[in-house]
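Count along the sequence shown from 1, then add 10; that gives the number in my numbering.
A virtual CB, placed ideally from N, CA and C, is assigned to each residue, including glycine.
If you're wondering where the values come from, they're calculated on a predicted model, not measured in any experiment.
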Amino acid sequence: MYYNDKTIVFLDGKWISAKDAQTGVYNQTMHYGNGVFEGIRAYQNTGGLNIFKAKEHFERLTHSAKKMHIQLPYSVEELTHIAYTLLDKNDLADAYIRPLVYNGANMSLMPTDKSHLFMAAWKWEKYLGDNPLNVMISSYQRPNPKSCHVEAKVVGHYTNSILATTEAKQLGYDEALLLDMHGNVAEGPGANFFYEKDGILYTPPAGNILPGITRATIFELAKELEITVVEEHFTADDVYKADTAFFVGTASEVAPIASLNGEQFKGDWEGSAGHNIYLMYRQKVRYNQYQGLTIV
């Protein structure tokens, strides 16, 4: 589903066929999970296409690499140019872009002297689908922020996400909601979490979560719509009392949640603050209100 015989990818400064892309089996990222990546979406519009918040995504990629002591010899501007060229070479408009920075061969637990940049793109629908989600509280917790850089988008961190999502699906749910080590709600396996009560949105503060770029966009849109957003710690018991709830992320966009551990939310999603934000979000990502990078 990710590529075919005509797909072109970027690997270490070269444009090659996806089927010809290769890597060494002794690379540190494969063995120890020390690599960084991003998930970025492009949207077609009447003028061409737009990569939404490319600058912010590649700034985070650069930040993540620095935190993990990974060499990344590309500027944000160069990475952005590669991403637009990638879409052009593959004749893609509505697409998902995956840059990955992975390390060279190294079996020790020390930084490597060499890293590799891989970037691919493919057409991908909403990661969590279009229907409201039935979510469960995961038995897995988010990592303690003193154990790793939770604000970096690191390859190895997503073993936690795989476990949580797999558990949820095996138990008949659509997705999981993870708590932090204090028992407060943190985030989903691949998305940030909001709930609404009496017209006010609540979301966990930075510290125990990946502070998502879509999450930041929700703050911007809420301000435009004069919707109050409160960042605070809260428990699952608080969420049970919510009117509505939703996940946000680049892959999932804005995904409404129907229930938590089988308890249905009582509010009307289509009349909610979250839904109003979603409608505006769909316009912003296509017409690039925040960033002057549109290709025609």
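Taking all protein chains shown into account, Ala216 has fewer than 16 neighbouring C-beta atoms within 10 Å of its C-beta and is therefore exposed.
Excluding the 5 residues flanking it on each side, Gln180 has no same chain C-beta neighbour closer than 8 Å. For Lys294, there is no enclosing beta strand (DSSP E); the residue is found in the alpha helix (DSSP H) stretching over 283-297. With a cutoff of 8 Å on beta-carbon distance, Pro214 and Val195 are scored as near each other. The C-beta distance from Gly45 to Val160 rounds to 16 Å, too long to fall under 8 Å, and the pair is not in contact. Comparing alpha-carbon positions, the option among Asn144, Glu177, Pro199 lying closest to His167 turns out to be Pro199. Going by C-alpha positions, Leu187 is about 11 Å away from Phe256.
A distance below 8 Å separates the beta carbons of Ser262 and Ala201. Sequence-distant Cβ neighbours of His285 in its own chain, meaning closer than 6 Å and more than five residues away, are Trp279. Take Phe204, set aside five residues on each side of it, and the residues of its chain with a beta-carbon closer than 6 Å to its own are Leu211, Thr213, Phe256, in chain order. For Met129, the uninterrupted beta strand (DSSP E) run begins and ends at 125-132, by DSSP. Rounded to the nearest whole angstrom, the C-alpha separation of Leu235 and Ser27 is 45 Å. At least 8 Å separates the beta-carbon of Tyr53 from that of Ala130. DSSP, read as helix, strand or coil, puts Phe229 in helix. Taking C-beta separations shorter than 6 Å and ignoring five residues to either side along the sequence, the partners of Asn55 in its chain run Arg296, Tyr297, following chain order. About 5 Å separates the Cβ atoms of Ala246 and Ile147, confirming a contact at the 8 Å cut-off. The residue among Arg292, Glu69, Gln293 with its C-alpha nearest the C-alpha of Ala162 is Glu69. Restricting attention to alpha helix (DSSP H) runs no shorter than 4 residues, the stretch 20-63 encloses them at 38-42, ordered along the chain. Short of 7 Å from the beta carbon of Asn100, and not among the five residues preceding or following it, lie these beta carbons of its own chain, in chain order: Thr17, Ile18, Ala131.
DSSP places Ser118 in the coil class of the three-state scheme, outside both helix and strand. Annotation for Ala265: the continuous beta strand (DSSP E) segment containing it runs 263-270.
The shortest CA-to-CA distance from Ala103 to any of Gly57, Lys251, Phe229, Leu231 is the one to Gly57. Boundaries of the beta strand (DSSP E) harbouring Gln151: 143-151, taken from the DSSP string.
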